[in-house]
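Chemist: Protein chains in written order, with my numbering: chain A, 74 to 266; chain B, 74 to 266.
Encoded as structure tokens, here's the structure I'll be asking about.
2 protein chains.
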Amino acid sequence: VQKPKKQQAIKDNNFSNRGKTLEDDLNETNTYYLQRQIATIHKKPVPIQIVKVEYPSRSAAVIREAYFRTPSTTDYNGVWNGYYLDFEAKETESKTSFPLKNIHAHQVEHMKNVIQQKGIAFFIIRFSSLDRYFITPFSIVENAWQQMVRGGRKSIPLQQFEAGAIEMKASYQPRIDYLQAVQQFISEEIERD
Amino acid sequence: VQKPKKQQAIKDNNFSNRGKTLEDDLNETNTYYLQRQIATIHKKPVPIQIVKVEYPSRSAAVIREAYFRTPSTTDYNGVWNGYYLDFEAKETESKTSFPLKNIHAHQVEHMKNVIQQKGIAFFIIRFSSLDRYFITPFSIVENAWQQMVRGGRKSIPLQQFEAGAIEMKASYQPRIDYLQAVQQFISEEIERD
Ligand SMILES: [Mg+2]
Ligand SMILES: [Mg+2]
């Protein structure tokens, strides 16, 4: 049985991301931005402590012993129309809240430093089981973090994202058009001043 | 024989950097900037292609096979007072010119993208044998690069740095106060407009 046209169209537009990681989505998005000269944003390499390297003759050096290091900054940064952007991407399987254990204290510290230098810091948080994406101002995470440090809850309820973050749907191109949300942050900031 | 006071003082103030790498100098400088909340600038980790990882029980994961990848961006970036900064640090042993083979084509491409997004791109070039440091606007390297691509010379003569870059002396703290030079670039840019 052939489906009616409209339903077909809806199905084709459902760019569900199950199976893809948030990192895949963001790398595709950043490539899209770069190729169209919209923004220059890159994921930083994973920091590695290299212990042993072999240099076989006539072939490339091989790292034979190395360890993962704790990152001292966030995963992504770059420049968009004169703005310095800095963000961390995180996924959770939870359907109700985002656990703060996913974030390192030094990442929070780094983002404070970014804001202090008039950069724009935010999180891109995906509730994977719900397939929902929230572009989240740093202030929301910072407040929750400070409350946790003072003995408060160790996670941010979904409702707080619904109230204070900007929700984005995954799309075809770009996958997650997070610059739209950043533009909105900037506009709200200007209005408040 | 005890040296006269004045000569002693001169000797103590001679922060010659022989033995230290430019990267050491810049890491110290960036730490200095960060601790005093002057700027938030970091070196990016070296990009690695990881092939094999072992997970020994009760100890950290060990990378057993990995390869160095060609970086697609520059080594350093960050934010200073709302400005996005992006730079590459290079040393040469030559006493007369800087060989362009030290720079990758995709780094030049990346810096073009940075400028296009209104970021500030530059090189910090050290003539190690002369112990001289030049904070070099991207435009100087870009022009030389374009000439090379059209069949011109494959290096930038020292005189071009003396004429168009900002020379800095290594100091105690910060080691290489490159933000001074960046401030000068910005001021000259504003004057020209
Ligand atoms: Mg991360
Ligand atoms: Mg390099």
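All residues carry an ideal CB built from backbone N, CA and C; glycine is no exception.
The model shown is predicted, which means the values in this text are computed figures rather than measured ones.
By the 7 angstroms beta-carbon criterion, what residues does the region 128–143 of chain A contribute toward chain B?
Modeler: Within the region 128–143 of chain A, the qualifying residues are Ala133, Ala134, Val135, Ile136, Arg137, Glu138, Ala139, Tyr140, Phe141.
Chemist: Okay, do the region 148–158 of chain B and the region 114–123 of chain B touch, 3+ Cβ pairs below 8 angstroms being the bar?
Modeler: At 8 angstroms Cβ cutoff, the stretches touch.
Chemist: With DSSP collapsed to three states, give me the class of B:Gly151.
Modeler: Note: B:Gly151 maps to strand in three-state DSSP.
Chemist: Round the Cβ separation of A:Arg199 and A:Glu240 to the nearest angstrom and send it over; I've been treating them as touching at under 8 angstroms.
Modeler: The pair is not a contact, with the Cβ atoms about 11 angstroms apart (cut-off 8 angstroms).
Chemist: Hey, could you find the ends of the beta strand (DSSP E) B:Arg205 is sitting in?
Modeler: From DSSP, the beta strand (DSSP E) with B:Arg205 extends over 205–210.
Chemist: Taking C-beta to C-beta, are A:Thr267 and A:His179 nearer than 9 angstroms?
Modeler: Missing from the structure shown is residue 267 of chain A; chain A here goes from 74 to 266 and no further.
Chemist: Any beta carbon of chain A sitting closer than 9 angstroms to that of B:Lys76?
Modeler: With a pLDDT of 45 at B:Lys76, under the threshold of 50, the modelled position of this residue cannot be trusted; read the value that follows with caution. No, because no Cβ of chain A sits closer than 9 angstroms to the Cβ of B:Lys76.
Chemist: Select from A:Thr147, A:Val119, A:Pro172, A:Thr104 the residue whose C-alpha is nearest the C-alpha of A:Phe195.
Modeler: The shortest Cα separation from A:Phe195 among A:Thr147, A:Val119, A:Pro172, A:Thr104 belongs to A:Thr147.
Chemist: May I ask which residues mark the beginning and end of the beta strand (DSSP E) holding A:Val119?
Modeler: From DSSP, A:Val119 is part of no beta strand (DSSP E); its letter is neither H nor E.
Chemist: Please list the segments of the alpha helix (DSSP H) lying wholly inside the region 153–241 of chain B, counting only runs of 4 or more residues, in order along the chain.
Modeler: For the region 153–241 of chain B, whole alpha helix (DSSP H) runs of length 4 or above, ordered along the chain, are 178–189, 211–222, 231–237.
Chemist: Between the region 161–174 of chain B and the region 152–169 of chain A, can you find at least three pairs of beta-carbon atoms closer than 8 angstroms?
Modeler: Judged by Cβ distances under 8 angstroms, the region 152–169 of chain A makes no contact with the region 161–174 of chain B, as fewer than three pairs qualify.
Chemist: Have a look at B:Arg223 and B:Ser170 and give me their C-alpha separation to the nearest angstrom.
Modeler: Each residue's alpha carbon lies about 19 angstroms from the other.
Chemist: Using a Cβ-Cβ cut-off of less than 8 angstroms, give me the residues of the region 175–193 of chain B that come near chain A, in sequence order.
Modeler: So the list reads His183, Asn186, Val187, Gln189, Gln190, Lys191, Gly192, given in the order they occur along the chain.
Chemist: Short of 7 angstroms in beta carbon distance, which residues of its chain neighbour A:Leu203, apart from the five on each side in sequence? Order them along the chain.
Modeler: Only Lys168 meet the Cβ criterion.
Chemist: Would you verify that the beta carbon of A:Ser145 is, or is not, closer than 9 angstroms to some beta carbon of chain B?
Modeler: At least one chain B Cβ lies under 9 angstroms of A:Ser145.
Chemist: Does any C-beta atom of chain B lie closer than 9 angstroms to the C-beta of A:Tyr251?
Modeler: With 9 angstroms as the cut-off, A:Tyr251 does not count as an interface residue toward chain B.
Chemist: Who are the Cβ neighbours of B:Asp159 in its own chain at under 6 angstroms, not counting the five residues just before and after it?
Modeler: Answer for B:Asp159: Thr147, Asn150, Val187, Gly192, Ala194, listed in chain order.
Chemist: What does the Cβ neighbour count give for B:Arg248, buried or exposed, with the cut at 16 atoms within 10 Å?
Modeler: The residue is buried, with at least 16 neighbouring Cβ atoms inside 10 Å.
Chemist: Any beta carbon from chain B within less than 9 angstroms of A:Lys168's own beta carbon?
Modeler: Closer than 9 angstroms: no.
Chemist: Could you tell me whether any Cβ in chain A is nearer than 9 angstroms to the Cβ of B:Ile123?
Modeler: Cβ-Cβ to chain A under 9 angstroms: yes for B:Ile123.
Chemist: Please go through the same chain and pick out, in chain order, the residues whose beta-carbon is closer than 6 angstroms to the beta-carbon of B:Phe99, but skip the five residues on each side of it.
Modeler: The question names Phe, but residue 99 of chain B is Leu in the sequence shown. Closer than 6 angstroms at Cβ, skipping near neighbours: Ala162.
Chemist: Determine the closest residue to A:Leu107 out of B:Gln190, B:Leu173, B:Pro172, B:Lys174, with distance taken between C-alpha atoms.
Modeler: Closest option to A:Leu107, Cα to Cα, is B:Gln190.
Chemist: Exposed or buried, what is A:Pro129 when buried is set at 16 or more other beta-carbons lying within 10 Å of its beta-carbon?
Modeler: A:Pro129 is exposed by the Cβ-count criterion.
Chemist: Using the beta-carbon count (16 or more within 10 Å), is A:Gln75 buried or exposed?
Modeler: Reliability of the predicted coordinates at A:Gln75 is poor, the pLDDT of 46 falling under 50, and the value obtained from them is presented with this limitation in mind. Looking at its Cβ environment, which holds fewer than 16 other Cβ atoms inside 10 Å, A:Gln75 is exposed.
Chemist: Counting contacts by CB-CB distance shorter than 9 angstroms, is A:Asp85 in contact with chain B?
Modeler: For A:Asp85, the pLDDT reaches just 40, beneath the cut-off of 50, and the residue's location in the model is therefore unreliable, leaving the point undetermined.
Chemist: Which residue from A:Gln233, A:Ala254, A:Lys174 puts its Cα closest to that of A:Lys227?
Modeler: Looking at the Cα atoms, A:Lys174 is the closest of the given residues.
Chemist: Below 8 angstroms on the Cβ atoms is my contact criterion, and I expect B:Val214 with B:Ile176 to pass it. Report the Cβ-Cβ distance as a whole number of Å.
Modeler: Right, the Cβ-Cβ distance comes to about 7 angstroms (below 8 angstroms), so this counts as a contact.
Chemist: Could you work out which residue in A:Leu252, A:Asp266, A:Ile263, A:Val124 is closest to A:Tyr157 when comparing CA atoms only?
Modeler: It is A:Leu252.
Chemist: Would DSSP call B:Tyr128 helix, strand or coil?
Modeler: Of the three classes helix, strand and coil, the one that applies to B:Tyr128 here is coil, per DSSP.
Chemist: Who are the neighbours of B:Lys227 on chain A, taking C-beta pairs under 8 angstroms?
Modeler: Within chain A, no residue comes near B:Lys227; the closest Cβ sits about 25 angstroms away, beyond 8 angstroms.
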